[in-house]
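Going line by line, the protein sequences match chains A and B.
Residue 62 in the UniProt record's numbering sits at position 62 of the first sequence, with consecutive numbering throughout.
Residue 160 in the UniProt record's numbering sits at position 160 of the second sequence, with consecutive numbering throughout.
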Amino acid sequence: MHPAPSIIFFTVFSGLGFGLLTFLGFGKPDYSGFTAFIFFLIAYVFAVGGLVSSTFHLGNPRRALKAFSQWRSSWLSREGCLAVAALTVMGIYAIGVVFLDTRWTLLGLVGAALSLATVFGTSMIYTQITTVPRWNHWTTPVLFILYALTGGAFLAGQTSIAAPMLLLLGVFQCVYWIIGDKLFSASGSTIETATGLGNMGTVRMFEAPHSSKNYLMKEMVHVVGRKHARTLRIIGVLCLSLLPYLLLVMPPFYHLISLLALLLHIGGALILRWLFFAEAEHTVGLYYGKR
Amino acid sequence: MTQLPTHTEKKLGLVIDLDTCVGCHACVISCKGWNTENYGAPLSDQNPYGADPSGTFLNRVHSYEVTPDEGAAMTVHFPKSCLHCEDAPCVTVCPTGASYKRVEDGIVLVNESDCIGCGLCAWACPYGAREMDRAEGVMKKCTLCVDRIYNENLPEIDREPACVRTCPAGARHFGDLGDETSDVSKLVAERGGMDLMPELGTKPVNKYLPPRPKDDQIDILAPFLETVAEEPTGFLGWLDKTLERIG
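Printed below as a string of C-alpha cells:
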C-alpha cells in the first residue's frame, strides 16, 4: 500500500495524543493548574493535529463532516465519532483538573476508555481490510494499542510504566512481522484464484492493461519501498524500543536524556508506520503479476 | 446508507466469456466514451500526451498466459470491471454513505455528491474495480451503465451497458443473474461460469466463462488435403535452376 505521509503522521500522532489522554484520564501524572494544562495541550495538539492531517489525503475534504454519519457499518466513521466523544469528555475533565483543581474520577475513566477506543477504531480501519491479509489479523489492534499506551506513558512521564512497555512493544512488533510475513500466502489468494484460470495451468501476466502506472498501482501495488524493508525494520525497532529503553533505565536520568529517548521513540514509530503501509500487499497486485 | 441490503429484487450483472474475448479493448474505449460524458463526473486523464500518461477507467483488459502441465501455453484476454458483489466490502467501509447497493437491481453505485475521496472503498475491493478520479477527487466505478439500461430515449437495442453493446466478438453478456431462467443464468450454468477470488467471500454477481479446451489437432481435414508442390515448375523452375547455377 502507498505510504501516504498524511496517514503516517495521522496514525502516529493521534495514537500518541490519545495514548497520553488515556493516562491523563487515569490521573497520571497527578498535576493540576498550569502544569496539567501543558499536558492536556500536548495531548490535544497531537490528537487533533493527527486527525486534521488525515483529511489532507481526501479528494474532497470540504465534505469531511459527512464521515460521521455511517457509524453503523463503517470503522472510519466510528473512529471519527469516538474521537469527537473522547475529545469532548476529556475536554470537560480537563476544565476540572486545570481550572477548578477538581478531579472528576469517573469522567476521567470514561474519557480514558473512549481515548483507547478511538485508537482501537483507527486500528480497525486497517484490520477490517480483508484484501490486505497482513492487516486483516487480530494482532493489528493489539499493535496499535501498544504503540498508543507506550507513547502515552512516555509523554505522561510515567517512566516506570514506559520502560517495560517499550520492551514489550519492541517484542510485539517483531512478533507482528513473524506472523504477518506468512499471512498473504496463508490467505490462499493467488493469480490463479484472481483470474479463475488455475485449473487450466499456471498463470502469468502476459500484457498489462495500460502502459504506465494507474491509480490502482500507485495506491495499492507499492513494491518499490520494500527494497530496504529489512534494514528499516532493524533501525526502526532500535529507535522505537531498544535505544529509548536503555536511555530511560541507565543512570544518570536527566530530562534532556528523556527528551532524546522520546524523540528516538517517535522517529522509530514514524519509520515503522511507513513500513506498516509499504509492506502491506493488496490482492489487486495479483492481477498485475505482483504482490 | 452503507449497510448492505439483505436482499435485492434483481441481480443485474455481466457474464464475460474468456473463450471468446479477443483482447481488442473496444469495451474499455466505449466504456470511457459513454461514462465520461454521462453519469457523474467525467473520467479525467492526467498528462495524456506526456511521458507518463494516466487516467480513470472503469474497465480494463489484462492479458494472461496460461501454461498447462502438458501441451502448449495459451493467451487469455481478461476484461475486468466492477463485479457488483452481493457482499460488497466497498460499500460497508464507506464513512459517508456515498457507496451503496441498490435494492431494486443490485447495482453498486457511488453518490458523488457525498463522496469525500478517502479511497477506503478502493482498498476494500479485492479486484481493483474502483479508481479515484484525480481531477474531481471522487471515486469512480462501473455503474452497469445505469443511464443506458433504463433509458427510454435510446432505441431498445442500445439499452444495455456500453461495453456489451460494443463488443465485436460477443464476449460480453448482460442480464439478471438472480433469475434462473434468464439467458445469462443459462449461459453460466451451461459453461461453468466462475467467481473471481471466491475465497474472499464477496459473492460477485458478474461471472466469467472459462476458455474451452483446445483441440490437439489444428484441423482434422489437413492430412487429407493435396500436398503443396515443393519443387517449382515452369518459369519459376527455370529461374530457380538458373539462379542456383549462377550462385
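No residue lacks a Cβ here, since even glycine has one placed at the ideal position from N, Cα and C.
Just so you know, these numbers come straight off a predicted model, no measurement behind them.
The beta carbon of A:I161 sits closer than 6 angstroms to the beta carbons of A153 from its chain, once the five residues preceding and following it are set aside; these are given in chain order.
Between B:D69 and chain A, the shortest Cβ-Cβ separation is below 8 angstroms. The secondary-structure analysis by DSSP pairs B:P79 across a beta bridge with B:V61. In the displayed model, B:R102 falls within coil according to three-state DSSP, outside both helix and strand.
A:I129 belongs to the set of residues whose beta carbon lies under 8 angstroms from a beta carbon in chain B. Taking B:E231 as the centre and dropping the five residues before and after it, the same chain places the C-beta of G237 closer than 8 angstroms to its C-beta, in chain order.
A:L256 is outside the set of residues whose beta carbon lies under 8 angstroms from a beta carbon in chain B. Within the segment 135 to 200 of chain B, the complete alpha helix (DSSP H) runs of at least 4 residues fall at 146 to 149, 162 to 166 and 183 to 191. For B:L14, the secondary structure class from DSSP, reduced to helix, strand or coil, is strand. Secondary structure note for A:F206: it is in no alpha helix (DSSP H), and the uninterrupted beta strand (DSSP E) holding it is T202 to E207. In the structure shown, B:Y127 falls within a coil segment according to DSSP collapsed to helix, strand and coil. Residues of chain A whose Cβ lies closer than 8 angstroms to the Cβ of B:T92 are, in chain order, S73 and S74.
For the 8 angstroms CB-CB criterion, B:D105 and B:E9 form a contact. A straight line joining the alpha-carbon of A:E207 with that of B:V61 spans about 9 angstroms. Of the residues assessed, B:G13 falls on the buried side of the cut-off, its CB having 16 or more other CB atoms within 10 angstroms. CA-to-CA, the gap between A:A229 and B:A171 works out to about 43 angstroms. Here A:L16 carries a helix assignment [DSSP, helix/strand/coil]. Taking the Cα positions, A:F10 is about 8 angstroms away from A:V52. Residues of the segment 167 to 194 of chain B with a C-beta atom less than 9 angstroms from some C-beta of chain A are M194, listed in chain order. The DSSP-derived three-state label of A:T140 is helix. Contact annotation, B:C121 with B:R130: C-beta distance approximately 6 angstroms; criterion of less than 8 angstroms satisfied. Beyond the five residues adjoining it in sequence on each side, A:L247 comes within less than 8 angstroms, by CB distance, of I257, S258, L260, A261 and L264 in the same chain, given in chain order. Under the Cβ criterion of 8 angstroms, B:R60 is counted among the residues facing chain A. Between A:L197 and A:V284, the gap from beta carbon to beta carbon reaches 8 angstroms or more. The Cβ-Cβ distance between A:M124 and A:W75 falls below 8 angstroms. Using a Cβ-Cβ cut-off of 9 angstroms, A:L58 is close to I116, G117, C118, G119 and G137 of chain B, given in chain order. B:T67 sits in a strand when the DSSP states are folded into three classes. Among the residues facing chain A, B:L154 is not included, as its CB has no counterpart in that chain under 8 angstroms away. Under the three-state reduction of DSSP, B:M74 is assigned to strand. A straight-line Cα-Cα distance of about 15 angstroms links B:L109 and B:L43. For A:M1, the closest alpha carbon among the candidates B:W123, B:V66, B:P161 and B:S99 is that of B:W123. With contacts defined by Cβ atoms closer than 8 angstroms, A:G111 and A:V89 form a contacting pair.
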